[in-house]
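Note sheet for the following structure.
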Amino acid sequence: MSEMLKAGQGVYAELKNLIVWAKDNGGMGTFYRSRHELIFAFKKGDAPHINTFELGQHGRYRTNVWEYRGVNSRHAGRMEELALHPTVKPVQMIADAIRDVFARGDVVLDIFGGSGSTLITAEKSGRCGYLCELDPIYCDRILTRWEAYAKDEAKQLVCGW
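Take the sequence shown: its position 3, counting from 1, is numbered 3 in the UniProt record's numbering, and each next residue is one higher.
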């Protein structure tokens, strides 16, 4: 946690909140199996932050504890999702987060591209998604998944390998 906080404080204006994603199953591990992941919500720049839920004023009630089913839950399509990446995030969770704090046309940056869920969700919601991913295998999976969704050919802008 301290490394993520330090990295964020060096780049962003302030930490707005620390969100807990409460999953329905514990993950792999040897001591206490984590049933949650932490999400650091930082604010960029000095412009007013976007808040699309303001204590339920817009028909949305959001807290900093998010309950979404993890991919390791038993459900249809689970094996296909796990084949993409071992830590696929729920698309609905990403969609809700993007809708919370990004306006249409905004840039959404995901520095842990993984399976590409953020890219597809940004596209679906009228935002511009940018992803970074270190592993070339997952880069290829992200591109293939996006091309299948968009029915278009991806244009590679930068390649670090």
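Heads up, the beta-carbon is just placed ideally off N, CA and C, and yes, glycines get one too.
With 16 other Cβ atoms within 10 Å as the buried cut-off, status of residue i
i           : result
residue 183 : As shown, the chain starts at 1 and ends at 161. That puts residue 183 outside it, with no answer to give.
V65         : exposed
V11         : exposed
L131        : buried
I98         : buried
R141        : buried
A154        : exposed
T118        : buried
A122        : buried
G116        : buried
I120        : buried
E133        : buried
K23         : buried
K89         : buried
Residue of the options minimising C-alpha distance to residue i
i    : options                   : result
M93  : C128, A103, W21 and A150  : W21
C128 : L143, T144, D110 and G114 : D110
G114 : L15, D135 and I19         : D135
F40  : F53, I19 and D106         : I19
V107 : S125, D96 and P90         : S125
G70  : M1, S2, V91 and A47       : V91
K44  : K16, R35 and G105         : K16
A47  : F31, D152 and F102        : F102
R145 : D24, L84 and G105         : L84
E67  : T52, T87, F53 and L38     : L38
H36  : K151, D96 and T87         : T87
Opposing strand residues paired with residue i [DSSP bridges]
i   : result
H36 : A22
N17 : A41
E67 : A22
Three-state secondary structure assigned by DSSP to residue i
i           : result
V91         : helix
residue 195 : The structure shown does not extend to residue 195, since the chain is modelled only from 1 to 161, so the question has no answer here.
L134        : coil
I50         : coil
R141        : helix
R99         : helix
M1          : coil
G8          : helix
Q. What runs of the alpha helix (DSSP H), each 4 residues or longer, lie entirely inside the region 102-128?
A. Taken in chain order, the complete alpha helix (DSSP H) segments of 4 or more residues contained in the region 102-128 are 117-124.
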